[in-house]
Amino acid sequence: MDFTQTQEGAFLVLMVTGRMDTLTAPQFEAKCLACLEAGSKRLVVDLSSLEYISSAGLRSILSAAKKLKAAGGDLAFCALSGIVAEVFAVSGFNKLLPVLPTREQALARP
Amino acid sequence: MSLRVRGLALRLSALVLTAAGAVLLAIVLTTYFLAREALLHYAEINARNKAQALVNRIESVLTPIPAVVLGTVYDIEDLSPALSDADIYKRLRRVLRDNDALYGACLAFEPNGRRPGLQYFSPYVCRTPLGFKNMDLGGPNYRYHAMDWYQIPRELDRIVWSEPYYDDGGGEVLMSTCSVPFHRVVNGKREVAGIATADVSLEWLKRIVAGTSVLDTGYAFLITRNGTYVTHPAAGVAFNESIFSRAEEYGEAHLREIGKDMVRGRSNYVPLKSLHTGKEGFLVYAPLPSTGWSLGVFYPKDELLASVQGLALVTAALGGGGFLALAVLVWFIARGITLPLRRLTVAAREVAGGKLDTPLPELHARDEVRELAESFGNMQASLRDYIRDLTQATASRERMESELRIAHDIQMGILPKIFPPFPDRSELDLFASLTPAREVGGDFYDFFPCGEDQFCFLVGDVSGKGVPAAFYMAVAKTLIKAVAESANAGGARVTDYLPGGVVQAARRCTDPGHILTRANNDLAQDNESCMFVTIFCAVLDLKTGAVRYASAGHNPPVLLRAGKGPEYLPTRQEPVAGAMEGVVYTADTLTLAPGDALLLYTDGVTEAMNPAQELYGEARLLAQARALAGQEPKALCERLGEDVHAFAAGAEQSDDITMLVLSYLGPGANAG
Numbered sequence: 120m121d122f123t124q125t126q127e128g129a130f131l132v133l134m135v136t137g138r139m140d141t142l143t144a145p146q147f148e149a150k151c152l153a154c155l156e157a158g159s160k161r162l163v164v165d166l167s168s169l170e171y172i173s174s175a176g177l178r179s180i181l182s183a184a185k186k187l188k189a190a191g192g193d194l195a196f197c198a199l200s201g202i203v204a205e206v207f208a209v210s211g212f213n214k215l216l217p218v219l220p221t222r223e224q225a226l227a228r229p
Numbered sequence: 116m117s118l119r120v121r122g123l124a125l126r127l128s129a130l131v132l133t134a135a136g137a138v139l140l141a142i143v144l145t146t147y148f149l150a151r152e153a154l155l156h157y158a159e160i161n162a163r164n165k166a167q168a169l170v171n172r173i174e175s176v177l178t179p180i181p182a183v184v185l186g187t188v189y190d191i192e193d194l195s196p197a198l199s200d201a202d203i204y205k206r207l208r209r210v211l212r213d214n215d216a217l218y219g220a221c222l223a224f225e226p227n228g229r230r231p232g233l234q235y236f237s238p239y240v241c242r243t244p245l246g247f248k249n250m251d252l253g254g255p256n257y258r259y260h261a262m263d264w265y266q267i268p269r270e271l272d273r274i275v276w277s278e279p280y281y282d283d284g285g286g287e288v289l290m291s292t293c294s295v296p297f298h299r300v301v302n303g304k305r306e307v308a309g310i311a312t313a314d315v316s317l318e319w320l321k322r323i324v325a326g327t328s329v330l331d332t333g334y335a336f337l338i339t340r341n342g343t344y345v346t347h348p349a350a351g352v353a354f355n356e357s358i359f360s361r362a363e364e365y366g367e368a369h370l371r372e373i374g375k376d377m378v379r380g381r382s383n384y385v386p387l388k389s390l391h392t393g394k395e396g397f398l399v400y401a402p403l404p405s406t407g408w409s410l411g412v413f414y415p416k417d418e419l420l421a422s423v424q425g426l427a428l429v430t431a432a433l434g435g436g437g438f439l440a441l442a443v444l445v446w447f448i449a450r451g452i453t454l455p456l457r458r459l460t461v462a463a464r465e466v467a468g469g470k471l472d473t474p475l476p477e478l479h480a481r482d483e484v485r486e487l488a489e490s491f492g493n494m495q496a497s498l499r500d501y502i503r504d505l506t507q508a509t510a511s512r513e514r515m516e517s518e519l520r521i522a523h524d525i526q527m528g529i530l531p532k533i534f535p536p537f538p539d540r541s542e543l544d545l546f547a548s549l550t551p552a553r554e555v556g557g558d559f560y561d562f563f564p565c566g567e568d569q570f571c572f573l574v575g576d577v578s579g580k581g582v583p584a585a586f587y588m589a590v591a592k593t594l595i596k597a598v599a600e601s602a603n604a605g606g607a608r609v610t611d612y613l614p615g616g617v618v619q620a621a622r623r624c625t626d627p628g629h630i631l632t633r634a635n636n637d638l639a640q641d642n643e644s645c646m647f648v649t650i651f652c653a654v655l656d657l658k659t660g661a662v663r664y665a666s667a668g669h670n671p672p673v674l675l676r677a678g679k680g681p682e683y684l685p686t687r688q689e690p691v692a693g694a695m696e697g698v699v700y701t702a703d704t705l706t707l708a709p710g711d712a713l714l715l716y717t718d719g720v721t722e723a724m725n726p727a728q729e730l731y732g733e734a735r736l737l738a739q740a741r742a743l744a745g746q747e748p749k750a751l752c753e754r755l756g757e758d759v760h761a762f763a764a765g766a767e768q769s770d771d772i773t774m775l776v777l778s779y780l781g782p783g784a785n786a787g
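Top line first, the protein sequences correspond to chains A and B. In our numbering, each number is its position in the first sequence, counted from 1, plus 119. In our numbering, each number is its position in the second sequence, counted from 1, plus 115.
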């Protein structure tokens, strides 16, 4: 699993590629916390290139989101597709966290 | 093993000794051949010198003789007519007296040379045991003018030495005669007037030559101008044979060539096989210039080389001794080098046999073997540590595994496992199975009556795997059942039908949405680990077949209508439980007709993977459900489990696999 980060206005956009499974899931949380420590509280995660996500990945996302929220920030997701979108839908994560169809919409939030 | 070690010492020794042996052999051989060449070279010089010395010694006697004769000749030539016969005898006597080497002396005149009319005049004086004796050799009985000693010098008009001969009259003495012509002037013309001779005894010459000792079996010999042997070590050869006759007799062309060369008055040093002794050797020959004879000295080769062979023997003995000493030394060194290796090997074998505390041999030399021993010691220590750690780790792991096994038993124990669960209720049939991926897992299922004719059944899947998931699963399962059985506002007074037909009155909550909402709130509180659980929870009214259900982020179940194709039951896709407080879950309803069934499962089924990393998938599940339509719940679960197992084709199971099939059979006789 690899990350590409770009600063877009108030948001830090994290592009995640690869698979988020039991082995790699902790990297995601660690990456989010590293961004938080670096001063970025508002993260937008672009999942368009994520191939697979397991329940461990969901847990990692949930944990990161809670920690960002506690720090006064937020964690949004955009551009989900395929099996990842399906997992988000089935698990109800769409309802728990801000999930938007495109990156522009994610960046356009107040 | 010890054989191989000895082999190393042996190989080392053999290698060194072979090289050293080759060097020694080369030295011995080179020394031998060089010394041999040098010795042969000096032997030749020595032989030539010795022969020349012998020649000189002989010549010192022979050379003055012609001069003596010449002295007499001059007297005669100057004074002849004036000298009386007595004067001539007197002079001859004086010559003998003054020259011990002479045996006799003679002045032989030409016919009419002394006096006209005198045919023979040859005054001769010789030594006898009684003193000098005068005589006249010539006469009708001894016509000396025809004799060789007279004829040859006269014709040649020069000094001539006769071939050696044995004097008949003088007592078997070996003699040679030196003849010198003297002249007179007749009518102004110089002509030969006669021959002056001096007889020389050659007995001394014979002694000198025969007495010349040449090593042990070498010898000297003398031949005349004709090649006739004057002296020869073999009896009967002297005077009887010539070098040419001997060459002819023995078929020795080489000897004949040597003979020719000798007779020509040359000197040389040539290899030759002696006909006398049969030995190989060298012949040195040199001429006696005054007489034209030739002296030969034979040197046997083996005796010449005896000292070289002695030297070679000494060298070989020294070399051999040195070689043996070297062999012993090398053997000890090789043993010395390999001994620590052998000791180390013995220790290594002990260590390999499991005695890790075996002391290694103490090595004092700072060499590779000691480095090896040190490395081996380090390895031994590491091995000891490793095995200790491994033992501890193994013990620890075994303890952990044992605990996990117990945990597995406990986890399986909290799942209902009696099928059919309510043999006395004919309204439903139900079967469930759970196959954990590891000893313990996060999947669970549950079913229990929750009020009059109400039957709750559910399937859950905790995020993650292993012990944390198992804990969370136990909490979630217990909590849901507690919520469902709690007597709160949402509950209704009902009668429980417990397994075994026990009937118990209680208040029950029969709304799955409410159950999930409350369970979620409890689970989400203080959920530091951010674990969550997906749950599908349903409550069936046994009388009507009405089902109320709610899903907390769980996979949609498969609805199997009797006589129709299977379909996924649409769910509201509400969030997983435990993630966030305050989520409200909504219950939906459907009605099961008798014969309809519901298949609940976890993602362990749809996300089962084969070795090609392909997922089992919802489509395949639906197809399999269609194929298995109409089967009893137990058979359906088992077939489906087999199909998933077959699909995985040996790939490691990555997630717990849980299935629950509830079949509604319709209101039974004891339903109400």
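Where is the CB? At the ideal position from N, CA and C, for every residue including glycine.
Report, in whole angstroms, the separation of the C-beta atoms of T327(B) and A335(B), which I expect to be a contact under 8 Å.
So it is a contact: roughly 4 Å between Cβ atoms.
With DSSP as the reference, please indicate the residues paired to P238(B) in a beta bridge.
Its beta-bridge partners are D251(B).
Identify the continuous beta strand (DSSP E) that holds K793(B) and give its terminal residues.
No statement about residue 793(B) is possible, as the shown extent of chain B runs from 116 to 787 and does not include it.
In chain order, what residues of the same chain lie with their CB nearer than 6 Å to the CB of M588(B), ignoring the 5 residues before and after it?
G557, F559 and V577.
Using a Cβ cut-off of 7 Å, pull out every chain A residue sitting near G668(B), in sequence order please.
Going along chain A in sequence order, the residues near G668(B) (Cβ under 7 Å) are V209, S210 and G211.
Are A462(B) and T453(B) close, meaning C-beta to C-beta below 7 Å?
No.
Which residue's Cα is closest to the Cα of Q728(B): G254(B), A510(B), A694(B) and G765(B)?
For the residues G254(B), A510(B), A694(B) and G765(B), the minimum Cα distance to Q728(B) belongs to G765(B).
Can you tell which of A677(B), D561(B) and D718(B) has its C-alpha closest to the C-alpha of Q746(B)?
Selected option, being the one with the closest Cα: A677(B).
For the alpha helix (DSSP H) that contains H523(B), what are its first and last residues?
E483 to I529 is the span of the alpha helix (DSSP H), which, as asked, contains H523(B).
Tell me, please, whether the CB atom of K214(A) is closer than 7 Å to any CB atom in chain B?
Cβ-Cβ to chain B under 7 Å: yes for K214(A).
Let me make sure I understand the geometry here. Which of D539(B), S517(B) and S548(B) has the alpha-carbon closest to that of K532(B)?
Among D539(B), S517(B) and S548(B), the Cα nearest to that of K532(B) belongs to S548(B).
Would you kindly work out how many angstroms separate the C-alpha atoms of C645(B) and A584(B), rounded to a whole number?
Taking the straight line joining both Cα atoms gives about 11 Å.
Could you list the residues in the region 166-188 of chain A with a C-beta less than 7 Å from some C-beta on chain B, going in chain order?
Answer set for the region 166-188 of chain A: S174, A175, L177, R178, L181, S182 and K185.
Quick one: what's got a C-beta closer than 7 Å to S769(B)'s C-beta in the same chain, skipping five residues either side?
Closer than 7 Å at the Cβ level, and outside the excluded window around S769(B), lie A552 and M724.
Got a sec, what are the start and stop residues for the alpha helix (DSSP H) A220(B) sits in?
Careful: A220(B) lies outside any alpha helix (DSSP H), inside the beta strand (DSSP E) at L217 to F224.
Determine the extent of the beta strand (DSSP E) in which V203(A) is found, giving its start and end residues.
First-last for V203(A): G201 to S210, but that is the alpha helix (DSSP H), not the beta strand (DSSP E).
Quick one: Cα of L207(B) to Cα of R273(B), how far?
Roughly 20 Å between the two C-alpha positions.
Based on DSSP bridge pairs, tell me the residues matched to S405(B).
Its beta-bridge partners do not exist; DSSP assigns none.
Excluding the 5 residues preceding and the 5 following G228(B) in the sequence, name in chain order all residues of the same chain whose CB lies nearer than 8 Å to its CB.
So the list reads F236, R299, A308 and G309, once near-sequence residues are dropped.
Determine whether the Cβ of G628(B) lies closer than 7 Å to any Cβ atom of chain A.
Cβ-Cβ to chain A under 7 Å: no for G628(B).
Taking the alpha carbon of S601(B) as the point to measure from, which residue in K592(B), I630(B), V582(B) and V574(B) has its own alpha carbon closest?
Among K592(B), I630(B), V582(B) and V574(B), the Cα nearest to that of S601(B) is on I630(B).
Distance, Cα to Cα, F563(B) vs G693(B)?
Roughly 22 Å between the two C-alpha positions.
In the DSSP output, which residue or residues are listed as bridge partners for H298(B)?
Answer is V307(B).
Listed in chain order, which residues of the region 122-156 of chain A have Cβ atoms closer than 8 Å to some Cβ of chain B?
Listed in sequence order: T141.
Which partner residues does W276(B) have in the DSSP bridge list?
C293(B), per the DSSP bridge assignment.
Quick one: grab the DSSP three-state call for Y700(B).
Coil at Y700(B), not helix or strand.
Between L751(B) and L543(B), which are expected to be in contact by the criterion C-beta below 8 Å, what is the C-beta distance as a whole number of angstroms?
With 8 Å as the limit, L751(B) and L543(B) do not qualify as a contact, their Cβ atoms being about 14 Å apart.
Touch check for the region 216-225 of chain A and the region 427-435 of chain B: three-plus C-beta pairs under 8 Å?
No, they do not touch.
Counting only beta-carbon separations shorter than 7 Å, does G660(B) have a partner in chain A?
Not one chain A Cβ lies under 7 Å of G660(B).
Where does the unbroken beta strand (DSSP E) through E270(B) begin, and where does it stop?
Not the beta strand (DSSP E): E270(B) falls in the alpha helix (DSSP H), residues D263 to L271.
Need the endpoints of the alpha helix (DSSP H) that S382(B) sits in, please.
No alpha helix (DSSP H) holds S382(B); DSSP gives it neither H nor E.
Assign T339(B) to buried or exposed, taking buried as 16 or more other Cβ atoms, counted over all protein chains shown, within 10 Å of its Cβ.
With 16 or more Cβ atoms within 10 Å of its Cβ, T339(B) is classed as buried.
Who are the neighbours of F647(B) on chain A, taking C-beta pairs under 9 Å?
What F647(B) touches in chain A: S174, L177, R178, L181 and S210.
Take the Cβ of F297(B) as the centre, count every other Cβ of all protein chains shown within 10 Å, and call the residue buried at 16 or more, exposed below.
It is buried - the Cβ of F297(B) has at least 16 other Cβ atoms within 10 Å.
Say the cut is 6 Å; is the CB of W319(B) nearer than that to a heavy atom of the ligand ZN?
As far as ligands go, the structure on display features none, and thus does not contain the ligand ZN.
Report the option in P244(B), Q266(B), P181(B) and N636(B) whose CA atom is closest to the CA atom of A223(B).
Here the closest residue by C-alpha is Q266(B).
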